[in-house]
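Working notes for the structure below.
Printed below as a string of structure tokens:
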């Protein structure tokens, strides 16, 4: 793929981004998850990704630097932009992650709201029932199971 060849305007919109990103997740329904990713990468909030934003998306997604990927994950998951993740945010994200990965919940699996509550109970240092960016990153760095679930 040549960015300028494929997108001569020098930018791609959310629909085009989803088409590209969907190829990374052929086994699931990627549209909703990719919409969150697009919003996180569209730094100037103009509804398009220019070459630099697109390149950042690729580099961060493929990065071996765990803290960078966790920071990206938090930015994607902070749906309302308040700098915090609550149980509702995490529940929605866990459902989307299951969708994008084509995972079917097994009978013995916990429900997404229960998983979200457990994550908050474990990672929430200040007791406000919400996760700050730092609580999220530190928690994921110290819990490989949650990290595996929540890291793009």
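Numbering (the working numbering), first residue to last: 1488 to 1639.
We put the CB at the ideal spot given by N, CA and C, even for glycine.
These numbers come from a predicted model, not from an experiment.
When you compare only the Cα positions, how much space is there between residue i and residue j?
i            : j            : result
residue 1545 : residue 1625 : 24 angstroms
residue 1489 : residue 1498 : 12 angstroms
residue 1620 : residue 1582 : 20 angstroms
For residue i, report the span of its alpha helix (DSSP H) as first-last.
i            : result
residue 1668 : Outside the displayed span of the chain (1488 to 1639) sits residue 1668, for which this structure offers no information.
residue 1498 : Looking at the DSSP string, residue 1498 is not in any alpha helix (DSSP H); the run it does join, the beta strand (DSSP E), is 1498–1500.
residue 1630 : It is not in any alpha helix (DSSP H) - residue 1630 carries neither H nor E in the DSSP assignment.
residue 1511 : That residue, residue 1511, is in no alpha helix (DSSP H); it is neither H nor E in DSSP.
In the DSSP assignment, find the unbroken beta strand (DSSP E) run with residue i in it and report its ends.
i            : result
residue 1528 : No beta strand (DSSP E) contains residue 1528, which is instead part of the alpha helix (DSSP H) from 1518–1528.
residue 1559 : Premise fails: residue 1559 lies in the alpha helix (DSSP H), 1553–1564, not in any beta strand (DSSP E).
Return yes when the Cβ of residue j is within less than 8 angstroms of the Cβ of residue i, no when it is not.
i            : j            : result
residue 1607 : residue 1618 : yes
residue 1547 : residue 1556 : yes
residue 1584 : residue 1538 : no
residue 1573 : residue 1616 : yes
residue 1636 : residue 1553 : no
residue 1598 : residue 1516 : no
residue 1534 : residue 1579 : no
Answer with yes or no whether the minimum CB distance from residue i to chain D is below 8 angstroms.
i            : result
residue 1579 : In summary, chain D is missing from the structure at hand, where a single protein chain is found.
Am I right that residue i and residue j are in contact with their C-beta atoms under 8 angstroms? What's the rounded C-beta distance?
i            : j            : result
residue 1536 : residue 1511 : Not confirmed; about 15 angstroms, so no contact.
**Item:** the region 1621–1635 contacting the region 1552–1561, beta-carbon criterion three pairs below 8 angstroms
**Value:** yes
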